[in-house]
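Worksheet: the structure to be examined is printed underneath.
Numbering (my numbering), first residue to last: 7 to 491.
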């Protein structure tokens, strides 16, 4: 397992006295501009007594460093907690390094640099953090000044990272157990987990489709961290709530383990705050914090009586918190420097569009209140543009593009290379192959099997048209990894 020399919380010693302290009225001021606080436990008003511990949770940032709260807002809220007398920990549940141009053009390195500036304490890898390939993933891990943990990410049967870590703060030992979705092999790029001969050398315990292997690994890690003196134990998971991820959803896991004090979850971009019983019948909360920094989770451990309360800060304004409230702090300059470098290189106009080109339905929302990603269930004009461009460029008869790879709207006006990279943030390559009619039908059937539910496999097409009859069962079969057979 990969280890490094860190202080009591897995990071080079952070000098809190050197922080730029927040303005006392910061939180109160920005609430009126679109920040909401949802309480799920104790009261949340007033100064924190003594040395309360506040664990701040982010997930699925997907390079949204300027959106919603942004990293500047995250830093400001942390500063405010500390100025009010609390000790803080900052953790992330994965999918931080991919999703915007700044991630793609630096292969995640710029995001790691900014997370180092933020003094993250513990991080787990999400499936999309592998999207730049294993060599780059390893480089990003080496550059990180914080530990990665995961109890189910293995190479040749051996864990790549420690399954758990303990952070000692304010006289308490806080244990964290990491879990990465077993669907990673098929929700990232399968070949990244193979050797040169096409054999899988990495795994996430996905072969056991009953979930038992994962449940056992997590329980063993929980037991170990307790045995090593943890006063509190929290699971950091990148599992989510999607039905297609069974038996590896957060609910599946919580119901099969015991001994934890809370469950921080990511992957499905939802904001559901759920309380459910673990295997022993204890009520356990599950916290999810959305995506693109639209929410920040806060778990408070009281210095007075050791009780736990948890809150969700949500940003609902279209303008980001730092921009709207005029906030600047120690993260402002590093972010601005990286973004200015990017804009100079990639911001020149290369085309124009009189229309909005969309992946999201401009009106409809899903069950989590997020914009419905209509591109994953139906034809859209941006999907047409992407596939028409592929067909025109290659001279192929037909072009196909999976909807999950088309990631951003383009609004009416000038189009820059930055916009194009926002649409296609992955390192994909165009390929031209000869296929039979049956293979084409299989591809369309596989891509459409989840409709009317969203699925990134749904195909946007050029050079053909097809109809969907969702009342018929799909004829597709899948292998032990969940891939088409």
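We put the CB at the ideal spot given by N, CA and C, even for glycine.
Query	Result
Residues in its own chain within less than 8 Å of residue 370 by CB, not counting five upstream and five downstream?	377, 378 and 380
Could you pull the start and end residues of the alpha helix (DSSP H) that residue 387 belongs to?	387 to 400
Are the Cβ atoms of residue 152 and residue 168 separated by less than 8 Å?	no
Leaving out the 5 sequence neighbours to the left and right, which residues in its chain are closer than 7 Å to residue 161 when beta-carbon positions are compared?	207 and 208
Alpha carbon to alpha carbon, how far is residue 343 from residue 259? Give it in angstroms, no decimals.	42 Å
Would you check if the segment 89 to 101 and the segment 332 to 339 touch, i.e. whether three or more CB-CB distances between them fall below 8 Å?	no
Given that a residue counts as buried once 16 or more other Cβ atoms are within 10 Å of its Cβ, and exposed if not, what is residue 250?	exposed
Count the other C-beta atoms from every protein chain shown that fall within 10 angstroms of the C-beta of residue 118, then say buried if there are 16 or more, exposed otherwise.	buried
For the segment 127 to 144 against the segment 109 to 118, do three or more pairs of beta-carbon atoms, one drawn from each stretch, fall closer than 8 Å, so that the two count as touching?	yes
Just verifying my parser: in three-state terms, what is the DSSP assignment at residue 407?	strand
Quick one: Cα of residue 97 to Cα of residue 61, how far?	7 Å
With distance defined between alpha-carbon atoms, name the residue in 302, 191, 373 and 399 nearest to residue 73.	302
Please tell me whether residue 241 has its Cβ less than 8 Å away from any Cβ of chain D.	Among the chains in the structure shown there is no chain D, since it carries only a single protein chain.
Taking the alpha-carbon positions, what's the residue 130 to residue 403 distance?	43 Å
Of all the options 448, 432 and 453, which has the alpha carbon lying nearest to the alpha carbon of residue 195?	432
Under 8 Å, with one C-beta from each stretch per pair, do the segment 234 to 247 and the segment 166 to 182 reach the 3-pair mark?	yes
Whose CA, out of 440, 311 and 244, lies closest to the CA of residue 159?	244
Does DSSP classify residue 463 as helix, strand or coil?	coil
On the three-state DSSP scale, how would you describe residue 225?	helix
Please list, in chain order, all residues of the same chain as residue 133 whose beta carbon is under 8 Å from its beta carbon, the five residues on each side excluded.	100, 101, 186, 187, 189, 190, 193, 194, 244 and 273
Taking the alpha-carbon positions, what's the residue 412 to residue 311 distance?	49 Å
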